[in-house]
Structure formats: C-alpha cells, structure tokens
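In what follows, a single structure is set out as structure tokens and then discussed.
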Amino acid sequence: MSESTNPTPKEWVREAYGRTAQGKGSCCGPSCCSSDADSLIGLSEQAQAIGEKIGYSTEELAAVPEGANLGLGCGNPVALAELQPGQTVLDLGSGAGFDCFLAAQRVGPAGKVVGVDMTPEMLARARVNAETGGYANVEFREGDIESLPVEDASVDVVISNCVLNLVPDKEKAFREIFRVLRPGGYLAVSDIVLLRDLPDEIRNHPGVYASCIGGAIGKDEYLSLLRSAGFSAVEVVDEVDAGALLTCAPGPVSDLLRDFGLIDATGWAASIKVKGRKLDHEEIDDDDRDCCDAVLGCDGSRVRGVQQRKGCCTFGGLSAFLLAG
Ligand SMILES: C[S@@+](CC[C@H](N)C(=O)[O-])C[C@H]1O[C@@H](n2cnc3c(N)ncnc32)[C@H](O)[C@@H]1O
C-alpha cells in the first residue's frame, strides 16, 4: 500500500489479482468481475470456456500446467506473435504463466521466455506452474511494466494479454517496451480499448478498473501512443466487440455496468490484437541515420524513436540531440 490513505489504481489491480491468484475469487479479467468468491463455480471450466472463446485451440489449452490458465485474457497473443525457435520473448503481466508456457513451447530450448508481473501471489503461482511443467526456459520476474526489470534491446518479441489497459501510464509503458526490444523486434498484444467515453463513476471504480475496463483508453489514442513511443508498422490485426466478453458474473461490478446499460451491450469496448515493430538500423533512411548517428551515436531504432517523438533530423542533428535530451 502507498502512504496515501486512498489506494491507487495499481493497488486496486494488485489486490484484485492477488485474490484471484489465491483462488479467492474476485476479479478481473474480462469475464469474471464478481467480488464474491462463492459465485465462482467451476473456475477451471470457466477458464477453459473463455480460452476457447478468445482464440486458443483445444491443444493449446491442454498443453499447459493445470491452473496456468485463469481465464483472464482477451485474445491469444502467442498465436499472433508467430514465434520462432530460438527467440527471446517477454510476456507483460504474465499472471499464472499461461502464455509464457505456450510461448516456451514455440521458442524451444534454444529460446527463452521472461514473464513480468507486479502481483507477488501471481508470480508464486506461475513459478509453481513452471516447476510442475518442467519449463527450464521460462523465468518470472517481479516488476512494473512502467519500469521493466529488463535490459535494453534484449528481447525479440513482447507479448501481453489483457494487461496494458490496467497500466495507468501507458505512454511510459510503451516507451519501456520499445526500450527492451532489440532493433528488428516486435510487439504482439491483445488488449481492451474503449470505443466511446465512459462516465468517471465507471472508470474510477476499483472493481471496474481491475476488470480491464476503467483503465482502458480509446483505440486511436492507444495506437497513437504506440507510434509516439517509436513503433513502426502499428497495425490492428483483429478487432472484436468486447461488450459480451466483459459481461460479469453477479457482483457489484456487474451491478454498476448494468446501471449504465453496459452489460451485454455492444459498441463501447473492443478487444484488439495489435502489432508494431521496432525498425532495425538498415530500415532507417541513410540520410536520417547519418545525421542522427553523427550526433547521438545511437542505433537505428533509437533514431526512429527520436524521429517519431521529436522530429529528429528534420531539424538537423544538433536539434535532434537537444530535443532527445
Ligand atoms: C488480466 S490479468 C492477465 C494475466 C495473463 N496475461 C493471462 O492472460 O492469464 C492481468 C495481470 O497483469 C498484472 N499487471 C497489471 N498491471 C501491471 C503492471 N503495471 N506491471 C506488472 N504487472 C501488471 C496483474 O498482476 C495480473 O497478473
């Protein structure tokens, strides 16, 4: 808890997912925002059904340790990422490790998967699952997506499933993702975005926030923040209405959503699959590279990031240096 008496959105999230990790009901995730533990009957069957609904094959659902899939996702970023053997993958908000384990099977023993999560109970659960499943190439780190415990330019692919909507400072998060990707690396995430504004009463409700709704931002803003962070080829590969997906089990969150006519309604939120690339050096225009290299001594991707954020070489190298700070 922070020193302030009012819990912050991150604390709402950590608390909700801590309870979920311990099987005490709750939460969050698009399809289970009840706060009543007793109402979560047949959680694993529910998780299985959600998994099928959001794009996992029967084989994938059967290929992970029991309890790794908690039904908290809103898509299948592993399939979206088209992973190759030998790649290093970073899963943001890895939960109980579901997507990490699927990714580990795709990248094989020559590859590596790192899951980052800020909720200790989720990490504990993920680590037990890794041990149970014998996943030697998966590591779980405690950390905040706004300040990733990951080296610069060390990751080939960043995946994430229904998590970035929960991060308060998305600009910071996207810049962090760009920083840890190697030049030529890419991002493949599933997430919830809003298609229209929601009242503050909804957005600022702790349970609604933890249910992947309150912290979500508009689709255009989301894509524009990714581009500003430096990503190229930003593309929404798939989009489905999330109204039904966000339907909640009985509880205060569903009561509130019902009051505002959002239960089962369409047209107010979407689950999107997004990709974006960090260009490598060769993809940067020669002119730009010469100009920026001369001043910044930076790699191509940083040049691109600076260019997109600050207008880099269009102002000349010195300006780029000063603006990049
Ligand atoms: C909706 S769950 C998704 C879990 C997992 N991706 C899955 O599909 O099963 C969100 C997860 O993100 C984590 N999380 C939320 N905000 C975070 C942040 N700022 N930094 C790190 N982890 C975060 C939560 O602790 C939780 O485990």
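Just add 69 to the spot in the sequence shown (first one is 1) and you have the numbering used here.
The beta-carbon is built from N, C-alpha and C at its ideal position, and this holds for glycine as well.
Heavy atom of ligand 1 within 7 Å of residue i beta-carbon
{"i": "residue 158", "result": "no"}
{"i": "residue 188", "result": "yes"}
{"i": "residue 167", "result": "yes"}
{"i": "residue 84", "result": "no"}
{"i": "residue 235", "result": "yes"}
{"i": "residue 277", "result": "no"}
{"i": "residue 215", "result": "yes"}
{"i": "residue 145", "result": "no"}
{"i": "residue 141", "result": "yes"}
{"i": "residue 164", "result": "yes"}
{"i": "residue 342", "result": "no"}
{"i": "residue 185", "result": "yes"}
{"i": "residue 288", "result": "no"}
{"i": "residue 232", "result": "yes"}
{"i": "residue 239", "result": "no"}
{"i": "residue 79", "result": "yes"}
Member of the options whose CA lies at the smallest distance from the CA of residue i
{"i": "residue 308", "options": "321, 258, 238, 332", "result": "258"}
{"i": "residue 323", "options": "300, 268, 276", "result": "276"}
{"i": "residue 244", "options": "211, 235, 282, 295", "result": "295"}
{"i": "residue 306", "options": "292, 272, 138, 344", "result": "344"}
{"i": "residue 134", "options": "123, 174, 149, 150", "result": "174"}
{"i": "residue 188", "options": "274, 203, 232, 150", "result": "232"}
{"i": "residue 83", "options": "191, 203, 124", "result": "191"}
{"i": "residue 293", "options": "284, 304, 283", "result": "304"}
{"i": "residue 11", "options": "318, 329, 310, 241", "result": "Because the chain spans 70 through 394 in this model, residue 11 falls outside it and cannot be assessed."}
{"i": "residue 122", "options": "329, 132, 314", "result": "314"}
{"i": "residue 350", "options": "217, 169, 163, 252", "result": "252"}
Proximity below 8 Å, CB of residue i to CB of residue j
{"i": "residue 180", "j": "residue 157", "result": "yes"}
{"i": "residue 302", "j": "residue 346", "result": "yes"}
{"i": "residue 195", "j": "residue 166", "result": "yes"}
{"i": "residue 341", "j": "residue 262", "result": "yes"}
{"i": "residue 279", "j": "residue 312", "result": "no"}
{"i": "residue 142", "j": "residue 198", "result": "no"}
{"i": "residue 405", "j": "residue 159", "result": "Because the chain here runs from 70 to 394, residue 405 falls outside it and cannot be looked at."}
{"i": "residue 146", "j": "residue 177", "result": "no"}
{"i": "residue 247", "j": "residue 300", "result": "yes"}
{"i": "residue 223", "j": "residue 207", "result": "no"}
{"i": "residue 186", "j": "residue 211", "result": "yes"}
{"i": "residue 140", "j": "residue 120", "result": "yes"}
{"i": "residue 132", "j": "residue 171", "result": "yes"}
For residue i, the three-state DSSP class (helix, strand or coil)
{"i": "residue 39", "result": "Residue 39 falls outside the range modelled here, since the chain spans only 70 to 394, and no answer is possible."}
{"i": "residue 234", "result": "helix"}
{"i": "residue 102", "result": "Here the model assigns residue 102 a pLDDT of 41, short of 50, so the residue's position is not dependable, and the following value carries that caveat. Coil."}
{"i": "residue 164", "result": "coil"}
{"i": "residue 157", "result": "strand"}
{"i": "residue 337", "result": "coil"}
{"i": "residue 79", "result": "helix"}
{"i": "residue 280", "result": "coil"}
{"i": "residue 349", "result": "coil"}
{"i": "residue 87", "result": "helix"}
{"i": "residue 373", "result": "The pLDDT assigned to residue 373 is 44, lower than 50, so where the model puts this residue is not dependable; a value taken from the coordinates is nonetheless given after this. In the structure shown, residue 373 sits in a helix (DSSP, three-state: H, G or I)."}
{"i": "residue 93", "result": "coil"}
{"i": "residue 396", "result": "Nothing about residue 396 can be reported from this structure: the residues present for the chain run from 70 to 394 only."}
{"i": "residue 209", "result": "strand"}
{"i": "residue 74", "result": "coil"}
{"i": "residue 180", "result": "coil"}
{"i": "residue 151", "result": "coil"}
{"i": "residue 289", "result": "helix"}
{"i": "residue 310", "result": "strand"}
{"i": "residue 304", "result": "strand"}
{"i": "residue 133", "result": "coil"}
{"i": "residue 126", "result": "coil"}
{"i": "residue 220", "result": "coil"}
{"i": "residue 363", "result": "Only weak support exists for where residue 363 lies, its pLDDT of 48 falling under 50; the value from the coordinates is given anyway. Of the three classes helix, strand and coil, the one that applies to residue 363 here is helix, per DSSP."}
Practice task
Jot down the residue ranges of each uninterrupted beta strand (DSSP E) in the segment 241 to 275, minimum 3 residues, whole runs only, in chain order.
Solution key: 250 to 263
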